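Encoded as structure tokens, the structure appears first; notes follow it.
There are 2 protein chains.
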Amino acid sequence: MAFHLIRKLEQFTRLSSDDKRILEQAASLKVRRLGSREDIFREGDKPRHINLILDGWACRYKVLEDGRRQITALLIPGDLCDVHMFILTRMDHSVGAITPLSVAEIPTDTILEITHGSARLSRAFWWNSLVEEAIAREWVTNLGQREAIERVAHLFCELFLRLRSVGMTNSQASCPSFELPVTQEQLADATGMSTVHVNRTIQEMRERGLIVWKGKTVTIPDLEALQDVALFNANYLHLDHAGQAYDANEP
Amino acid sequence: MAFHLIRKLEQFTRLSSDDKRILEQAASLKVRRLGSREDIFREGDKPRHINLILDGWACRYKVLEDGRRQITALLIPGDLCDVHMFILTRMDHSVGAITPLSVAEIPTDTILEITHGSARLSRAFWWNSLVEEAIAREWVTNLGQREAIERVAHLFCELFLRLRSVGMTNSQASCPSFELPVTQEQLADATGMSTVHVNRTIQEMRERGLIVWKGKTVTIPDLEALQDVALFNANYLHLDHAGQAYDANEP
DNA sequence: AACAAGGGATAACACAGGTTAACGAAGGTC
DNA sequence: GACCTTCGTTAACCTGTGTTATCCCTTGTT
């Protein structure tokens, strides 16, 4: 059940079969299912447990008094909602389902046991948090400096790489593709644009042959071209496998 | 020397005199001084130690290939640059001095000793990281949803509260003020606006009586009015003192 | 089969904010 | 004291993006 998480963490460090068993177990304790547009938790809630996305897409978002909404992160299978958030008394944002969702609810005590029991898993969780922070910084840059087409292209590049790192892309025939179960309105909330302009921008990306988007499937004919348009530099995702390799001497 | 950090962490939990002594010691091991516009570290560097801002202002920033620059965070005394960043192999952004700066360089081993030695300090560091993340999410929202005057007003509100939480504001005469050693160009890089439009926006804020900004001093005649313009909600700063109080039984 | 609802696509128009350029004030240097 | 550089200010003009309003298509419902 924790397949995606394990696969993601192994971008950072190899895990022992013990580590994997521990994660599998934690992820199977309690599984919650939500319909799309339901919230996993809301701003103001007390953090109760760690949520691990098992299946489906979700988003972090904040809503201003007057209703304007910003999606601050897109969450895909394998994403952990804030390993240490339990330290805070109240959530300062909400997380909602984009598609129907299965979420593992992992008690904070279980997380603490895991991190105390395995230095490797503890470091892997840290790495995971650091990457999340790096993504947030990149989003700030994206919203602050990139114009519409660059911004959307950048988001597509990021999603493609993140999905690939958990095995959720198709790359047969040299033309990579992935499922994007997101409406243009949600894309607008994520990029700080209006829906109309998201649509215009998508049209332009199609005309320029940067993407093919039919139904829920996005195909990227030329990843390099898309990255060039986006001024995309993948270093912030830290997918370089350069962390410490699994050392067989460690338990 | 670690005065500001201690004061900030005590927003979350009371610290014992032992905790404070440990922090003081760590902060005095090695102090580095930089001139304004020098970098503490650059994108691509290996993280070597944890940097604690003792005195002066700094900023995290990212630069796109074509030179566009986004400031993703403003750092003030008491701010720690990424307690756990040493897990990553390369920095994905730079941190530069805005004013002349003193920075304590704390070895990663020292940080690990501290967190292993004191559960309270460990939690306090986590709280600190979580607040930094929350600020990053708020900046995403700021850039994505707020228009110019709201955006600048929001930044001023945030800075005021953060400075106040480390004792760096003046509140005599019911009219709070603080030192803002930041140029309009840097403000532009932080808010994703052009310098010209930052200036226009500042002028409007002055006309509307929201701020007085002379030299490096900003005065806020009516904080509530400023917060209203900014659609500001302070919950993301988690300054509520609601964390666990200091328990005398803990070491 | 008829209907409703959500999502995508377009067009026309408006305006917030970017760009360029020029000038002045303040502060640092020799 | 003269010079230079950085920063703030302002004006004129331009453009990217938001707004409003339709229309169409798809999908699910009864």
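Sequences listed follow chains R and F, in order. Mapping to the UniProt record's numbering: the first sequence position 194 is 194, numbers consecutive. Mapping to the UniProt record's numbering: the second sequence position 74 is 74, numbers consecutive. The C-beta atom is built at its ideal place from N, Cα and C for all residues, glycine as well. Just so we're clear, the structure is a prediction, and the values are computed from it rather than from any experiment.
Determine which residues share a DSSP beta bridge with R:Q70 and list them.
Answer is R:K62, bridged to R:Q70.
Using a Cβ cut-off of 8 Å, pull out every chain R residue sitting near F:Q145, in sequence order please.
Simply L64, R68, R69, Q70 and G192.
Given a threshold of 16 other Cβ atoms within 10 Å of its Cβ, counted over all protein chains shown, does R:G192 qualify as buried or as exposed?
The residue is buried, with at least 16 neighbouring Cβ atoms inside 10 Å.
Give the C-beta separation of F:I40 and F:V103 to the nearest angstrom, bearing in mind that I take them to be a contact with Cβ-Cβ under 8 Å.
Sure, about 6 Å apart at Cβ, within 8 Å.
What residue range is occupied by the uninterrupted alpha helix (DSSP H) comprising F:I40?
It is not in any alpha helix (DSSP H) - F:I40 instead sits in the beta strand (DSSP E) that spans D39 to F41.
Distance check for R:L75 and R:L54, CA to CA, integer angstroms please.
Their Cα atoms are separated by approximately 10 Å.
Where does R:C175 fall in DSSP's three states?
In the structure shown, R:C175 sits in coil (DSSP, three-state: anything other than H, G, I, E or B).
Can you list, in chain order, the residues of its chain with a C-beta nearer than 8 Å to that of F:Y246? Leave out the 5 residues immediately preceding and following it.
Model confidence at F:Y246 stands at a pLDDT of 45, short of 50, so the residue's coordinates are unreliable; what they give is reported in the following sentence. Once the five neighbours on either side are set aside, the close Cβ partners of F:Y246 are T13, R14, L15, S16 and R120.
Helix, strand or coil for F:T191 per DSSP?
The answer is helix: DSSP assigns F:T191 an H, G or I state.
What residue range is occupied by the uninterrupted beta strand (DSSP E) comprising R:G144?
Premise fails: R:G144 lies in the alpha helix (DSSP H), A119 to Q145, not in any beta strand (DSSP E).
Please report whether the beta-carbon of R:I40 lies at a distance below 8 Å from any beta-carbon of chain F.
False, the Cβ-Cβ gap to chain F never drops below 8 Å.
With a CB to CB cut of under 8 Å and the five nearest residues on each side skipped, what residues in its chain are close to F:L143?
These residues qualify, in order along the chain: R151, T191 and G192.
Along chain R, in chain order, which residues have C-beta atoms closer than 7 Å to that of F:N235?
Here the neighbours are R90 and D92.
Go ahead and pull the three-state DSSP assignment for R:N199.
Helix.
With 16 as the cutoff for other CB atoms within 10 Å, does R:E204 come out buried or exposed?
So R:E204 ends up on the exposed side.
Does the beta-carbon of F:T201 have 16 or more other beta-carbons within 10 angstroms, so that it is buried, or is it exposed?
Label assigned to F:T201: buried.
Within a Cβ cutoff of 7 Å, which residues of the same chain sit near R:I6, ignoring the five residues on either side of it in sequence?
Only L15, K20 and L23 meet the Cβ criterion.
Could you work out which residues of chain R lie near F:R200, taking near to mean beta carbons separated by less than 8 Å?
Result: empty, since nearest Cβ-Cβ is about 18 Å, beyond 8 Å.
Hey, out of R:Y61, R:A134 and R:K62, whose CA is closest to F:C81's CA?
Among R:Y61, R:A134 and R:K62, the Cα nearest to that of F:C81 is on R:A134.
Hey, F:R37 and F:A97 are a contact pair by Cβ (cut 8 Å); roughly how many whole angstroms apart?
About 6 Å separates the two Cβ atoms, so the contact holds.
Can you tell me which of the three DSSP states F:T110 falls into?
Here F:T110 sits in helix by DSSP.
Could you name the residues of chain F that R:A134 contacts, counting a contact when the two beta carbons are closer than 9 Å?
Those within 9 Å of R:A134 in chain F are L88, D92 and H93.
Using 8 Å as the threshold, is the segment 177-185 of chain R in touch with the segment 209-222 of chain R, meaning 3 or more CB pairs across them?
Yes: at least three Cβ pairs fall under 8 Å.
Say whether chain F places a C-beta atom closer than 8 Å to the C-beta of R:D55.
By this cut-off, R:D55 is not an interface position.
Got a sec? Which residues, its chain only, sit under 6 Å from F:I71 by beta carbon, not counting five neighbours each side?
The answer, listed in chain order, is C59, Y61, D189 and A190.
With 7 Å as the C-beta to C-beta threshold (strictly closer), list the residues of the segment 103-127 of chain R near chain F in chain order.
Listed by position along the chain: R123, W126 and W127.
Could you give the C-beta distance for F:L237 and F:L155, rounded to a whole number, given that I count them as a contact under 8 Å?
Incorrect: roughly 13 Å between the Cβ atoms, too far for contact.
Give the single residue among F:L210, F:A234, F:R33 and F:A73 whose Cα lies nearest to the Cα of F:A153.
Considering only alpha carbons, the answer is F:L210.
With the cut-off set at 8 Å, would you say F:G56 and F:L101 are in Cβ contact?
A contact, by the Cβ cut-off of 8 Å.
When you compare only the Cα positions, how much space is there between R:E113 and R:P107?
Their Cα atoms are separated by approximately 10 Å.
Which partner residues of R:I53 appear in the DSSP bridge assignment?
BP columns for R:I53 point to R:V103.
Can a CB atom of chain F be found closer than 8 Å to the CB of R:K20?
No - not a single Cβ of chain F is within 8 Å of the one on R:K20.
Given this structure, state the Cα-to-Cα distance separating R:R123 from F:D79, to the nearest angstrom.
Between R:R123 and F:D79, the C-alpha separation is close to 23 Å.
Output yes if chain F places a C-beta closer than 8 Å to the C-beta of R:D240; else output no.
Closer than 8 Å to some Cβ of chain F, the Cβ of R:D240 qualifies, so yes.
Going by DSSP, what residue range makes up the alpha helix (DSSP H) through R:S28?
Unbroken alpha helix (DSSP H) run through R:S28: S17 to S28.
Listing by chain order, which chain F residues have their CB less than 8 Å from the CB of R:M85?
Ordered by position in chain F, the residues that pass the 8 Å Cβ test against R:M85 are L130.
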